[in-house]
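Numbering (our numbering), first residue to last: 548 to 618.
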């Protein structure tokens, strides 16, 4: 009977450990999703900041003139 109790206890422990592992995996997957969304947002932000816009060029005609001279 003692070995049966130990067996039941082991099974209970295993079920608990599996549940904790599943919870941890779910939390890590959520965090990973958040990080990937942040990376995507930063990539878009960087892309937009890297593209010269006519407004930026018009804001600083001196810089534009210097750039033309450098060509």
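Just so you know, even glycine gets a beta-carbon here, dropped at the ideal spot from N, CA and C.
DSSP-derived helix/strand/coil call for residue i
{"i": "residue 570", "result": "helix"}
{"i": "residue 565", "result": "helix"}
{"i": "residue 598", "result": "coil"}
{"i": "residue 607", "result": "coil"}
{"i": "residue 618", "result": "coil"}
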